[in-house]
Amino acid sequence: MYNPKISVILGNVGSCSDRYCGSYSAPFTVEQMFERVKSIEGVTGVELVGTWHITPDNINEIKENLNRTGLELVSIIPDHFGEEKWKMGAFTNKDAGIRREAVSVTKSMIDAAKELNCPLVSLWPGQDGYDYPFQGEFIKERTWFEEGVAECCEYNKDIKISIEYKPKEPRNRSYPSNVFSTLLMVKEIGLDNCGVTIDYGHALVAYENVAESVAVLKKYGDKLFHLHMNDNYTLWDDDMIAGSIHTIEYLELFYWLKKTGYNNWISTDQYPYREDGRDAVNESVRWMETFIKLVNKMDDTEVENILSKGNACQASAYLRNLMFG
């Protein structure tokens with residue numbers, strides 16, 4: 004019986020903004036957001052973003068919120084993207100001082116993770132990339148990225164470090180842009196505690212079948228460390244309710260998560276601008292529970308037979324009957 008643990012990035016249940024509107028709802032305190040996450044049935048973990056939710060100075064406050072709600076701290080995402088100093092990159096910034104600061108910020112979040120019994124620090128290097136021709140030093144900057152991440156991995160080998168990729172935004176082109184380029188970097192770093200975070204929406208924008216991406220990471224080193232769930236129309240990282248658009252593809256994803264033995268956490272990562280954040284996340288959790296139930300109802304022998312033949316009509320009929328009777 005497949006039964007993965009589900010968590011929520013804390014800000015998902017807060018207020019959202021974009022470049023057109025400074026806020027789509029009233030703000031929430033960290034304490035209020037913890038309570039909103041706790042109220043979602045089936046959620047037992049929470050993920051925090053550096054600067055936004057957690058700093059070296061509020062560890063005790065976070066500890067109190069975790070103890071009060073009974074939520075586990077699943078991952079910390081260091082802030083390498085949300086401050087002006089990172090605008091030309093963090094690990095790949097041409098200024099060596101900024102690169103050192105990116106490593107230092109990561110180490111401070113590794114220390115926080117250790118103190119809070121958190122197993123993972125997940126890196127989203129959103130500002131590491133380039134925008135124009137003749138702007139990027141492609142080989143040198145990838146080398147800087149790998150060296151910086153390797154130093155973070157070596158700092159505490161009991162904490163996993165995971166790299167989350169995205170093809171673009173905020174940069175027009177990002178260095179960890181798809182599952183394959185990220186896996187190459189992880190392989191080059193070559194450390195057991197270095198792996199990959201798949202964000203479902205990022206992978207869609209990279210024109211990936213996320214189920215295949217899961218299988219690739221299993222085959223080449225078992226490097227899937229974490230998952231962020233959402234959905235979009237494949238043109239942009241819309242961060243919509245998980246499963247609301249790519250329903251059958253989500254079912255295939257959960258089949259391959261079960262098949263590959265993925266037992267780490269699965270987090271929501273959404274930007275519900277106009278919906279109530281708590282309600283939108285709740286819908287994602289309910290969808291994921293539905294996919295898990297369906298996957299557990301599958302006849303593994305029959306599915307393996309379908310896969311061995313590659314018969315699309317047979318697969319379609321099986322899924323239709325599974326989902327709708």
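The sequence shown runs 4 to 328 under the numbering used here.
Glycine residues also receive a C-beta, built at the ideal position from the N, C-alpha and C atoms.
None of the values given here were measured: they were computed from a predicted structure.
Checklist entry - What is the DSSP secondary structure of E140, counted as helix, strand or coil? => result coil
Checklist entry - Which residues in the same chain have their Cβ closer than 7 angstroms to the Cβ of I309, if we skip the five residues on either side of it in sequence? => result Q317, A318, Y321
Checklist entry - Closest by CA to M91, which one among L230, E64, Y178? => result Y178
Next on the checklist: By DSSP's criteria, T109 is part of a beta bridge. Which residues make up the other side?
Outcome noted: For T109, which the question treats as bridged, DSSP gives no partner whatsoever.
Checklist entry - For E86, does the three-state DSSP call read helix, strand or coil? => result coil
Next on the checklist: Do V77 and L126 count as a contact pair if the criterion is CB distance below 8 angstroms?
Outcome noted: no
Checklist entry - V199 and V189: beta carbons closer than 8 angstroms? => result yes
Checklist entry - Within the present structure, is the beta-carbon of V52 separated from the nearest heavy atom of the ligand SAM by less than 7 angstroms? => result The ligand SAM is not part of this structure, which contains no ligands at all.
Next on the checklist: With a threshold of 8 angstroms on Cβ separation, who are the neighbours of L297 within its own chain once the five nearest residues in sequence on each side are excluded?
Outcome noted: L254, F257, L325, M326
Item to check | Rounded Cβ spacing between A105 and A93 (contact assumed at less than 8 angstroms) | outcome: 4 angstroms
Checklist entry - What does a CB cutoff of less than 8 angstroms around V219 pick up in its chain, not counting 5 residues either side in sequence? => result V182, F183, L186
Next on the checklist: I need the boundaries of the alpha helix (DSSP H) containing M36, first residue and last residue.
Outcome noted: 33–41
Next on the checklist: What does the alpha-carbon distance come out to for the pair G48 and D114?
Outcome noted: 19 angstroms
Next on the checklist: Suppose the cutoff is 7 angstroms on Cβ atoms and the five residues either side in sequence are ignored; what does the same chain contact list for E292 look like?
Outcome noted: G45
Next on the checklist: With a threshold of 7 angstroms on Cβ separation, who are the neighbours of E149 within its own chain once the five nearest residues in sequence on each side are excluded?
Outcome noted: M188, E191, I192
Next on the checklist: Give me, in chain order, the residues of the same chain whose beta-carbon lies closer than 7 angstroms to that of I57; leave out the 5 immediate sequence neighbours on both sides.
Outcome noted: L51, I65, I79, A115
Item to check | Whole-angstrom distance between N233 and G246, CA atom to CA atom | outcome: 7 angstroms
Item to check | Among Y276, K221, D241, the one whose alpha carbon lies nearest that of G264 | outcome: K221
Item to check | Backbone CA spacing between K110 and Y158 [nearest angstrom] | outcome: 7 angstroms
Checklist entry - By a C-beta neighbour count over all protein chains shown, 10 Å radius and 16 as the cutoff for buried, is A209 buried or exposed? => result buried
Checklist entry - Any idea if M112 is buried or exposed, counting beta-carbon neighbours within 10 angstroms, 16 or more meaning buried? => result buried
Checklist entry - Taking just the CA atoms, how far does L238 sit from R176? => result 14 angstroms
Item to check | Distance CB(P7)-CB(I248) smaller than 8 angstroms | outcome: no
Next on the checklist: Just verifying my parser: in three-state terms, what is the DSSP assignment at S10?
Outcome noted: strand
Next on the checklist: Less than 6 angstroms between C-beta atoms, sequence neighbours within five positions excluded: which residues of the same chain meet that for D82?
Outcome noted: G53, T54
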